[in-house]
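Accompanying notes for the structure given below.
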Amino acid sequence: MQITYATGKYTAATLHKRPSAGAPWVSQLLLGEVVQVLEPGERYSRVVTPEEELEGYVLTDQLVTVDEATYRRQLDCPAFALELFCPVFSDNFGMPVTFGARLPAYDGIQLLHAGQRFRYSGQALLSENLTADADMMLRLARKWLFTPELRGGRTPTGIGSSELVQLVARLVGLRLPRAAADMSSMGRPVDFVVQCQPADLAFFDDGRGRIEHVGLILPDSQVLHVSGRVRVDPLDHFGIFDREGRRYSHRLRIVRRFLPDARPTVPVKLDEKPADLPYESQQILIF
1 MQITYATGKY TAATLHKRPS AGAPWVSQLL LGEVVQVLEP GERYSRVVTP EEELEGYVLT
61 DQLVTVDEAT YRRQLDCPAF ALELFCPVFS DNFGMPVTFG ARLPAYDGIQ LLHAGQRFRY
121 SGQALLSENL TADADMMLRL ARKWLFTPEL RGGRTPTGIG SSELVQLVAR LVGLRLPRAA
181 ADMSSMGRPV DFVVQCQPAD LAFFDDGRGR IEHVGLILPD SQVLHVSGRV RVDPLDHFGI
241 FDREGRRYSH RLRIVRRFLP DARPTVPVKL DEKPADLPYE SQQILIF
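Right under this line is the structure:
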């Protein structure tokens with residue numbers, strides 16, 4: 001079978017489970033992200049994402065067919081958009097681009113996409129400049145605060161917990177699977193909570209042993225995660241404490257480390273019980 005390669009043509013294309021607009025959807029394909037086309041179709045094409053191996057159907061006119069060399073560049077060494085929203089402009093029109101989109105043939109000012117030249121004035125990051133830096137990962141994640149939750153979503157109009165972690169991790173050189181359960185089998189275990197460091201990933205189960213949620217550990221016994229919205233909540237040995245509901249919303253199962261150990265070690269202390277700070281004050285502290 002001849003393999004056809006394509007990239008996302010617009011801001012975000014929906015990846016459906018079936019070739020129908022009303023079908024449940026699996027994920028979103030951002031501008032410049034790559035897929036392999038398994039079955040081209042007049043209206044919908046069946047595709048698979050190479051990094052997560054997610055399979056589904058995308059509207060054919062939301063794809064740009066590319067050659068293998070372009071596919072490889074966009075897969076392995078792309079330029080990433082860092083703004084939550086920032087348009088690209090051709091001589092005739094503009095198009096919004098979101099965080100994590102891959103800017104084809106980007107030279108710092110212009111990119112070449114779908115046969116047209118576009119200008120991009122937002123912050124971008126080249127693959128050769130990616131660094132495994134915990135502070136960078138935390139700063140990128142904080143950009144998303146108050147974005148509404150949307151399972152499978154990958155844009156500032158809605159995002160899921162594992163989708164957010166995967167997007168920001170890729171910007172520090174980490175390639176993670178999409179599902180939180182799959183992420184939890186990677187990295188290095190953190191055996192004791194007193195050994196936690198900023199940018200470790202905390203995984204939470206559903207009470208029956210199944211990993212269903214992931215968050216990014218911050219300093220000062222806090223975790224950034226997606227629950228209703230992208231938010232920061234207290235984290236202790238039991239799990240995430242929801243200040244608004246005055247209850248534990250997620251039960252901690254395991255902590256994994258994906259970035260290098262901090263030197264000198266800067267552990268994150270998880271309190272025996274959440275600090276009694278007003279919710280608004282706790283949110284403001286992160287800026």
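Residue numbers are given in UniProt numbering: position 3 of the sequence shown equals residue 3, and the series is strictly consecutive. Beta carbons are placed, not taken as given, at the ideal position from N, Cα and C, and that holds for glycine. On a predicted model such as this, the values are computed, not experimentally measured, just so you know.
What would DSSP say about residue 220, mapped onto helix, strand or coil? coil
Please determine, among 218, 11 and 262, the residue with the shortest C-alpha to C-alpha distance to residue 114. 11
Beta-carbon contacts of residue 176 that lie in its chain and below 6 Å, excluding the five residues immediately before and after: 166, 169 and 183
Quick one: using the 10 Å Cβ neighbour count with 16 as the cut-off for buried, is residue 228 buried or exposed? exposed
Taking 7 Å as the threshold (beta carbon to beta carbon), is residue 91 in contact with chain B? Annotation note: the requested chain B is absent from the structure, which comprises a single protein chain.
C-alpha gap between residue 137 and residue 129, whole angstroms: Taking the straight line from one Cα to the other gives about 14 Å.
Mapping the DSSP letters down to three states, classify residue 147 as helix, strand or coil. Coil, per DSSP.
How about residue 7 and residue 74: do their beta carbons lie closer than 7 Å? yes
Could you give the first and the last residue of the continuous beta strand (DSSP E) run that contains residue 110? 110-113
The stretch 53-65 / the stretch 14-26 touching (three or more Cβ pairs under 8 Å): yes
So residue 230 packs on residue 146, CB below 8 Å; how close in whole Å? 6 Å
Starting from residue 4, follow the beta strand (DSSP E) in both directions and report where the run begins and ends. 4-8
Measuring only the C-alpha atoms, how far is residue 96 from residue 85? Approximately 6 Å between the Cα atoms of the pair.
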